[in-house]
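> Below you'll find the structure I mean.
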Amino acid sequence: MAIFVLSDLHLSTDLSMNKSMDVFGDRWRDYMVKIRKNWDSVVTPSDTVIVPGDISWATRLHEARADLDYLNRLNGIKLLGKGNHDFWWSTASKMYKFFEENGFDTLKILYNNAYVVEDRIICGTRGWFPDESKQVVVGDVDYEKIVNRELTRLRLSLDAAKKLQSYEEEKS
0 MAIFVLSDLH
10 LSTDLSMNKS
20 MDVFGDRWRD
30 YMVKIRKNWD
40 SVVTPSDTVI
50 VPGDISWATR
60 LHEARADLDY
70 LNRLNGIKLL
80 GKGNHDFWWS
90 TASKMYKFFE
100 ENGFDTLKIL
110 YNNAYVVEDR
120 IICGTRGWFP
130 DESKQVVVGD
140 VDYEKIVNRE
150 LTRLRLSLDA
160 AKKLQSYEEE
170 KS
């Protein structure tokens with residue numbers, strides 16, 4: 000079993016969304032075919048892939064269905080984190096219900112929590128620069144509020160990791 004990390008898939012299986020990655024050059028042509036081919040040639044069903052964000056161009060959870068189905072069909076268990084382009088991301092309970100309703104049994108949410116994978120504990124949160132001058136934002140945002148929110152989420156994730164670590168140590 001192995002652990003892989005791949006972010007910024009920017010999936011767009013729903014052609015009606017008109018969000019082709021081809022606008023970024025020829026190397027992006029048929030990128031989803033390339034992802035599938037390369038992914039399944041390296042990742043086995045027993046591996047774990049951490050997908051830290053920017054998973055789908057969808058803006059609502061139901062619009063991300065085809066992209067999540069595509070991801071679910073790839074080899075391995077996928078731990079999904081929220082990226083800055085994942086506007087479709089909903090509450091954990093809504094997402095897990097959606098996953099169950101659609102048979103997405105290889106997808107898990109990595110958000111304010113942690114997982115034991117082999118002999119590792121995986122946790123995380125969406126990244127954000129504490130120094131406002133280094134972060135590019137669009138529009139008017141409450142920067143301090145965003146940083147504090149992400150800091151809270153990181154603490155929740157690390158606390159979950161500590162609990163798992165204690166549990167794993169007790170089992171040993």
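End of the sequence shown sits at 171 in numbering that gives the first Met the number 0; the numbers just go up one at a time, nothing left out. C-beta atoms are modelled at their ideal positions from N, C-alpha and C, and glycine is treated no differently. As the structure is a computational prediction, the values presented were derived from the model and not from experiment.
Alpha carbon to alpha carbon, how far is Leu153 from Asp7? Give it in angstroms, no decimals.
Roughly 20 Å between the two C-alpha positions.
> Taking the alpha-carbon positions, what's the Ser11 to Ile108 distance?
When rounded, the distance between both Cα atoms is 20 Å.
> Give me the Cα-Cα distance between Asp53 and Met0, rounded to the nearest whole angstrom.
Each residue's Cα considered, the two are about 25 Å apart.
> At what residues does the alpha helix (DSSP H) containing Thr47 begin and finish?
Thr47 -> not in any alpha helix (DSSP H); beta strand (DSSP E) instead, spanning 47 to 50.
> Taking all protein chains shown into account, do 16 or more other C-beta atoms lie within 10 angstroms of the C-beta of Asn179, making it buried, or fewer, making it exposed?
This structure gives no information on residue 179, because the portion of the chain shown stretches from 0 to 171.
> Using three-state DSSP, classify Ser19 as helix, strand or coil.
Here Ser19 sits in coil by DSSP.
> What is the DSSP secondary structure of Leu5, reduced to helix, strand or coil?
If DSSP states are grouped into helix, strand and coil, Leu5 belongs with coil.
> In the DSSP assignment, what residue or residues form a beta bridge with Lys161?
DSSP, once it has assigned bridges, lists no residue as partnering Lys161.
> Between which two residues does the beta strand (DSSP E) carrying Ile120 extend?
Its beta strand (DSSP E) spans residues 119 to 122.
> Going by other Cβ atoms of all chains shown within 10 Å of its Cβ, with 16 needed for buried, is Phe103 buried or exposed?
It counts as buried.
> Using the C-alpha atoms, what's the distance from Glu169 back to Asp85?
Looking at the two C-alpha atoms, the distance is approximately 37 Å.
> Quick check on DSSP: helix, strand or coil for Ile145?
Looking at Ile145 - three-state DSSP - the assignment turns out to be helix.
> Over what stretch of residues does the beta strand (DSSP E) that includes Ala113 continue unbroken?
Residues 113 to 116.
> Along the chain, where does the alpha helix (DSSP H) containing Leu70 start, and where does it finish?
Segment 64 to 72, the alpha helix (DSSP H) holding Leu70.
> Per DSSP, what kind of secondary structure is Ser55 in: helix, strand or coil?
Correct three-state label for Ser55: strand.
> According to the neighbour-count rule (16 or more other Cβ atoms, all chains shown, within 10 Å of its Cβ), is Arg177 buried or exposed?
Nothing about residue 177 can be reported from this structure: the residues present for the chain run from 0 to 171 only.
> Just reading off the beta strand (DSSP E) that Lys93 is part of, what are its end residues?
Careful: Lys93 lies outside any beta strand (DSSP E), inside the alpha helix (DSSP H) at 91 to 100.
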